[in-house]
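Protein chains in written order, with our numbering: chain A, 1 to 410; chain B, 411 to 820.
Number of protein chains: 2
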Amino acid sequence: MKATVELVSTGAELLSGRTLNTHTQTLARYLAELGLELSRETSAPDDRIAIRDAVRDALARASVVIVTGGLGPTSDDVTRDAVAEVVGAEIVLHTATREAIRQRYERTNRIWSEKVSRHALVLSSADVLENRAGLAPGEAIQWQGRRLFLLPGPPNEFEAVLQDHVMPRLKAVADVLPLQRVFQVAGLGESDIVRLLPEEEFPGPDVSVAYCASPGLVEIRLSALPSAAAVHARAVALVRERLGEWVFAEQRVDLETVVVEALRAAGKTVALAESCTGGLLGHRLTNVPGSSEVFLGGIVAYANASKIRDLGVPADLLEREGAVSPEVALAMAKGVRARFGSDIGVGVTGIAGPSGGTPQKPVGLVYLSVADEAGAKVEELRMGGPRATIKQTTSQRALDMVRRRVAAVH
Amino acid sequence: MKATVELVSTGAELLSGRTLNTHTQTLARYLAELGLELSRETSAPDDRIAIRDAVRDALARASVVIVTGGLGPTSDDVTRDAVAEVVGAEIVLHTATREAIRQRYERTNRIWSEKVSRHALVLSSADVLENRAGLAPGEAIQWQGRRLFLLPGPPNEFEAVLQDHVMPRLKAVADVLPLQRVFQVAGLGESDIVRLLPEEEFPGPDVSVAYCASPGLVEIRLSALPSAAAVHARAVALVRERLGEWVFAEQRVDLETVVVEALRAAGKTVALAESCTGGLLGHRLTNVPGSSEVFLGGIVAYANASKIRDLGVPADLLEREGAVSPEVALAMAKGVRARFGSDIGVGVTGIAGPSGGTPQKPVGLVYLSVADEAGAKVEELRMGGPRATIKQTTSQRALDMVRRRVAAVH
């Protein structure tokens, strides 16, 4: 029988509007790899009775129940009490976890108090799941033929324990693994993709095609049962043929990781001249461990004075063309390359809004340039949306330009 | 009696990972204006039985139930069938809505089909709520003393009907507005806060205290009924007394917004010298509209050569103390201030990991410096956690140092 999976998210912040619940989407994407789907999600506040009832109801319907949040040391962390009541377990101190937390506190010179050790309280019947990203461990419990998992609430900790411990355990309950192929595209929008490869061209109904779009990123997923392997392979070949140069990965990986890997493989270094992205590009590259091998640094030239002084953009060019122009983007890319002595220089200038736009140069207009020893290239972007979306989409396109330059696609 | 509100979100896309559920957050923020809180949220797939059960359960607990999605014309739009079964209503064609849709189709030259008129199917017992943003109207149903609302699923249509029709009706049921106070703290961890102000010192059980922690941020929320106003005020005073200088806001606002506002109010400018944060600080400041008034730019000095060349850090100082040292952080802050001619300079250097640590200088060791005309200050941070957490926590502390410097707290 196919496993049914429910999620119970706990935390007042999810129901007060303070925090957007991302657990459902994260979990659903991991489950998809196993051919599993979420059959229900419930968000409950930090209330023992409410959590107890939600978990009890979920266990009555589903064979796998994942509960997140409320495992910390404060009085509103009541998840483990609620779950202990449902499954009839005691709460005990997990001494190995307590000791690990204490050592971590000593290493980082933080003041230990007995209260902190509440992170190490677990259900007596649980397997303790180490949390590499935080203090509170996860827990795995088998109860009346059901599998129950308690996971920490912070998204990075949730994903770490899910990846390290829950997924391997769920592989055992997923019977038929579907064929899946994920294509990630940063340089095209969903409508460009559908134009280059209309859905009706995909071979037959046995392959399902799903698009998932976020700012500057479209994920295309092809799924099929193992019995439809030949049709699935034809669909995969079709995407590669039509969209190949735009696909930056056929797996779940960040664009910045792909770019750092490509630079490392090519033995090339990069430096950044950022205006409207304000540091986001550098932030993203430096999110990748080991990026210091290929990223030399950059200039955040927010004020025009910095573009002139730090990047050598000619003052009369700025005056004549305006800060948001292909000429200035190009001069920024060349200027930062010269200053840092990097193989590649990137220049980004645009109007992130909400103010600062004109009819000729509206909010969402951005010029991107990538320069190397062989020359330079400039692209223009026109986008809608709020400031954060414009910055994010711009950073995606800039990173993808670097990737394609290094791969010599363009 | 205070109204209890539950949300039932329907739609396979919410549980497959394709769409992030934003309804919960949107609704919660509107409810907060009325002093109402969501007591539970459930996401169910496009399955009549699953939706019926979820709505029935919600009606058994809550006095107000809001159901979203599944009101369109296709075969997977089963919400109205499911709800009709729960409340024992017929489904009828709302001719005024049907006519409005038809006229809209004519105006926009779209091809009308009888299928489109399925948008105008409603429960016989419902008040029909006009949807200015789309085709499917909302519905308001009174049933056994409960209020039940059906709202369209697309986020903009959901919000339009919520705003136009649901909020005015809910104002009638929101009787007592609770007292709430939110404190936001960036410079302390949850365990530091609990040590400075142990929970047991809060006055009495009539005030509820909730903590919500994310990297570099703890939100403390005190809630009470109006009848407990005096106790609530004592609790608020207690937080201010113990944690005052660490509280960057008593409302829901980003630290970067507070910092930009503080700089603007003081008429001061800032420039950044970032090493381990790689641009994150600049990214965050430039997320704030209008930040160009106070943020001049920065140097992302990832390589040591850039620290020397662009920030004037003496090569022998780097050699002697190492890049991750209080002395270098200080020189970076002073150097970037001099280069950009800003009132305030910020220097950040540290080891974000996962590699690069030594026993003397482990991963998570960071030095932060803020310099202005009056002098400079250096702080040391020691953290655990992954690279992303270390960067985020560092950026919080750096922004908070700027805030406190401008507010002359330190």
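All C-beta atoms, glycine included, are put in the ideal place defined by N, C-alpha and C.
Owing to the predicted nature of the structure, the values given are computational and were not obtained by experimental measurement.
Query: Candidates Ala331(A), Ser355(A), Pro386(A) and Val363(A), of which the one nearest Lys377(A) by Cα; Result: Ala331(A)
Query: Reference Ala623(B); option with closest CA among Phe568(B), Lys525(B), Leu539(B) and Gln594(B); Result: Gln594(B)
Query: Distance, Leu425(B) Cα to Ser453(B) Cα; Result: 7 Å
Query: Contact between the stretch 460 to 473 of chain B and the stretch 237 to 247 of chain A (3+ Cβ pairs under 8 Å); Result: no
Query: Burial state of Leu399(A), where buried means 16 or more other Cβ atoms lie within 10 Å; Result: buried
Query: Euclidean distance between Cα positions of Pro565(B) and Thr434(B); Result: 11 Å
Query: Residue-level contact to chain A via CB, Leu430(B), 8 Å cutoff; Result: yes
Query: Three-state secondary structure (DSSP) of Tyr712(B); Result: coil
Query: Inter-stretch contact at 8 Å, needing at least 3 Cβ pairs: the stretch 508 to 517 of chain B / the stretch 471 to 487 of chain B; Result: no
Query: Rounded C-alpha distance that separates Tyr440(B) from Val576(B); Result: 10 Å
Query: Those residues which DSSP pairs with Ile459(B) across a bridge; Result: Answer is none; Ile459(B) lacks a bridge partner.
Query: Residues that DSSP places opposite Val780(B) in a beta bridge; Result: Val756(B) and Lys787(B)
Query: Alpha helix (DSSP H) segment containing Glu651(B), residue limits; Result: Ala639 to Leu653
Query: Neighbour list for Met793(B) in chain A, Cβ cutoff strictly below 7 Å; Result: Thr108
Query: Distance between Glu250(A) and Leu222(A) (C-alpha atoms, nearest Å); Result: 11 Å
Query: Any C-beta of chain A under 8 Å from that of Gln661(B); Result: no
Query: Euclidean distance between Cα positions of Phe340(A) and Gly297(A); Result: 8 Å
Query: Proximity below 8 Å, CB of Val324(A) to CB of Leu365(A); Result: yes
Query: Beta-ladder partner(s) of Tyr832(B), from DSSP; Result: Missing from the structure shown is residue 832(B); chain B here goes from 411 to 820 and no further.
Query: Close beta carbons around Pro772(B), own chain, < 8 Å, minus the five adjacent residues each side; Result: Ile761 and Arg792
Query: Residue-level contact to chain A via CB, Leu695(B), 8 Å cutoff; Result: yes
Query: Distance between beta carbons of Ala543(B) and Glu516(B), contact taken as under 8 Å; Result: With 8 Å as the limit, Glu516(B) and Ala543(B) do not qualify as a contact, their Cβ atoms being about 19 Å apart.
Query: Three-state secondary structure assigned by DSSP to Trp656(B); Result: helix
Query: CB of Leu93(A) within 8 Å of CB of Ser117(A), strictly; Result: yes
Query: Neighbouring residues, chain B, relative to Leu38(A) (Cβ below 9 Å); Result: Leu424, Leu425, Ser426, Gly427, Ser453 and Pro455
Query: Contacts of Gln435(B) in chain A (Cβ-Cβ under 7 Å); Result: Gly17 and Leu20
Query: Burial state of Gly677(B), where buried means 16 or more other Cβ atoms lie within 10 Å; Result: exposed
Query: Among Thr393(A), Pro45(A), Thr22(A) and Val402(A), the one whose alpha carbon lies nearest that of Val218(A); Result: Thr393(A)
Query: Selection from Leu728(B), Trp553(B) and Ser473(B) that minimises the alpha carbon distance to Ala499(B); Result: Trp553(B)
Query: Cβ shell of Glu609(B) (< 8 Å), same chain only, five flanking positions each side left out; Result: Val619
Query: Near-chain A residues of the stretch 678 to 693 of chain B (beta-carbon distance less than 8 Å), N- to C-terminal order; Result: Leu682, Glu684, Cys686, Thr687, Gly688, Gly689, Leu690, Leu691, Gly692 and His693
Query: Cutoff 8 Å: Leu151(A) Cβ touching any chain B Cβ; Result: no
Query: Proximal residues of chain A, C-beta to C-beta of Ile459(B) below 7 Å; Result: The contacting residues do not exist; Ile459(B) stays about 11 Å from chain A at best.
Query: Beta-carbon neighbours of Ser735(B), restricted to chain A and to distances below 7 Å; Result: Ordered by position in chain A, no residue passes the 7 Å Cβ test against Ser735(B), which lies about 17 Å from the chain.
Query: Sequence ranges, beta strand (DSSP E) only - wholly within the stretch 154 to 206 of chain A, length at least 3; Result: 179 to 185
Query: Inter-residue Cα distance where the pair is Ala784(B) and Val474(B); Result: 58 Å
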